[in-house]
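Here's the structure we're looking at; comments come further down.
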Amino acid sequence: MHIIWIVVVAQNLVPSFVNFQRLSAGMEEAARLALWERLYERPNQELLNAYFTGFGSRLDLSAALDKLDAIAPRLEQVADITPALLVDVVGKVEARFGWDEFEPIPFVVLVGTFGSSAWTTTVGGRQLSFIAAELLPRVPVDGALIAHETAHGIHHRMRTGDWQPIVGLKLFEEAIAMASAELECPSCSDLDLVAFGGENDAWLSACEQSWASVRSELRNVLMSNDPTDLGWFFARPERRPAGASFPHRIGYYAALVLARKLVTDVSLRDMVGWDPTHALTTVNTHL
Numbered sequence: 031m032h033i034i035w036i037v038v039v040a041q042n043l044v045p046s047f048v049n050f051q052r053l054s055a056g057m058e059e060a061a062r063l064a065l066w067e068r069l070y071e072r073p074n075q076e077l078l079n080a081y082f083t084g085f086g087s088r089l090d091l092s093a094a095l096d097k098l099d100a101i102a103p104r105l106e107q108v109a110d111i112t113p114a115l116l117v118d119v120v121g122k123v124e125a126r127f128g129w130d131e132f133e134p135i136p137f138v139v140l141v142g143t144f145g146s147s148a149w150t151t152t153v154g155g156r157q158l159s160f161i162a163a164e165l166l167p168r169v170p171v172d173g174a175l176i177a178h179e180t181a182h183g184i185h186h187r188m189r190t191g192d193w194q195p196i197v198g199l200k201l202f203e204e205a206i207a208m209a210s211a212e213l214e215c216p217s218c219s220d221l222d223l224v225a226f227g228g229e230n231d232a233w234l235s236a237c238e239q240s241w242a243s244v245r246s247e248l249r250n251v252l253m254s255n256d257p258t259d260l261g262w263f264f265a266r267p268e269r270r271p272a273g274a275s276f277p278h279r280i281g282y283y284a285a286l287v288l289a290r291k292l293v294t295d296v297s298l299r300d301m302v303g304w305d306p307t308h309a310l311t312t313v314n315t316h317l
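Quick note, in the numbering used here, the sequence shown goes up one by one and the last residue is 317.
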């Protein structure tokens, strides 16, 4: 289902999923999974293949569908409110970054299996930003999440030079997105900005208490492209390599700390155009 919105060109898969959900109510598991394939996954194959490659899991699809049944009213609400929310938030973020004169940042809104809440990736040669409807937070944190992901979409298009998957650059990318989210939602708590409902107060407290020691470890691996280092700081628990002694996803907490330092000196419009060397030098100076 393709919808042209004023600010964003988006594919909204939520109505398709809601239709499947209604038609599959009361079905046996095998029949329900077959209907999922026919009505939802196959028509959106390219997008869902990208989702299941690195952002969600098919391992227990039946259990995920049961969880989605429990939030069916919320999914219908998200289907209704998301178009207008994207128009509002994405338009404001594009203007803040000076992107409003270019083509809109394209978004896909889908229903997944409780993996990532938002991400930006390349699908079929085209860069797309995604929102998972089942994990969209409540007002006003929903706007912060969209502002975060819009920043990634803009940054990926405006940055210069050869950006590699290394810890320091990942940290810088997330800092820009954190700054964007906080501008959109200055009333949001640190926990909201860092995790968008995906973690609890105990996790944030653990990040805060361990930050002094973790900061030193992080500085030591800023130039690392080792997937283990990246995973230790940024991966979700189920994808995190074993062996880390600090809280999972603490890299996002670090990004919020860094973002608040960066925005006191430099505008977001300037930062999104930096090359990797400039970005890494700045991270090393401010972290």
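Backbone N, C-alpha and C fix where the C-beta goes; we use that ideal spot for every residue, glycine too.
query: Start and end residues, alpha helix (DSSP H) containing P141; result: Rather than Pro, the amino acid found at residue 141 in this sequence is Val. Element bounds for V141: n/a, residue is neither H nor E.
query: Cβ-Cβ distance between S240 and F264 below 9 Å; result: no
query: Test item: CB-CB of T112 and A60 under 9 Å; result: no
query: Range of the contiguous beta strand (DSSP E) that encloses Q157; result: 156-162
query: Neighbourhood of V302 by C-beta distance below 7 Å, restricted to the same chain and skipping five residues each side; result: F127, I184, H185, M188, R189, I206
query: Residue range of the unbroken alpha helix (DSSP H) whose run includes V224; result: 220-225
query: Boundaries (first-last residue) of the alpha helix (DSSP H) holding A109; result: 102-126
query: Any 3 or more C-beta pairs closer than 8 Å across the segment 266-283 and the segment 230-245; result: yes
query: Distance between E58 and E229 (C-alpha atoms, nearest Å); result: 33 Å
query: M208 classed as buried or exposed, judged by whether at least 16 other C-beta atoms fall within 10 angstroms; result: buried
query: Stretch-stretch touch, CB-based, cutoff 8 Å, three pairs: the segment 151-169 with the segment 196-206; result: no
query: Cβ pair count under 8 Å reaching 3, the segment 46-56 against the segment 103-120; result: yes
query: Spatial distance of P73 from A55 (CA atoms); result: 20 Å
query: N- and C-terminal bounds of the alpha helix (DSSP H) containing W233; result: 231-250
query: Among A80, F144, A174, nearest to I101 - alpha-carbon criterion; result: F144
query: Anticipated Cβ contact below 8 Å, R279 with R269, distance rounded; result: R279 to R269, Cβ: 10 Å. No contact.
query: For L201 and V313, believed in contact at Cβ under 8 Å, the rounded distance; result: 6 Å
query: At least 3 beta-carbon pairs within less than 8 Å: the segment 166-177 vs the segment 116-123; result: yes
query: Neighbourhood of T180 by C-beta distance below 6 Å, restricted to the same chain and skipping five residues each side; result: V120, V123, I135
query: Local Cβ density within 10 Å of R62, reported as buried at 16 or more and exposed below that; result: buried
query: Close Cβ partners of E203 (< 7 Å) along its chain, the five nearest in sequence each way excluded; result: H182, H185
query: Option nearest E212 by Cα separation, candidates Q41, H316, W149, L286; result: L286
query: Three-state secondary structure (DSSP) of Q41; result: strand
query: Spatially closest choice to L30 from L234, S235, D99, G281, by CA coordinates; result: This structure does not reach residue 30, given that the chain is present from 31 up to 317, and the question cannot be answered.
query: As assigned by DSSP and simplified to three states, the class of A285; result: helix
query: Check whether G191 and P306 have beta carbons under 9 Å apart; result: yes
query: Range of the contiguous alpha helix (DSSP H) that encloses V313; result: 306-316
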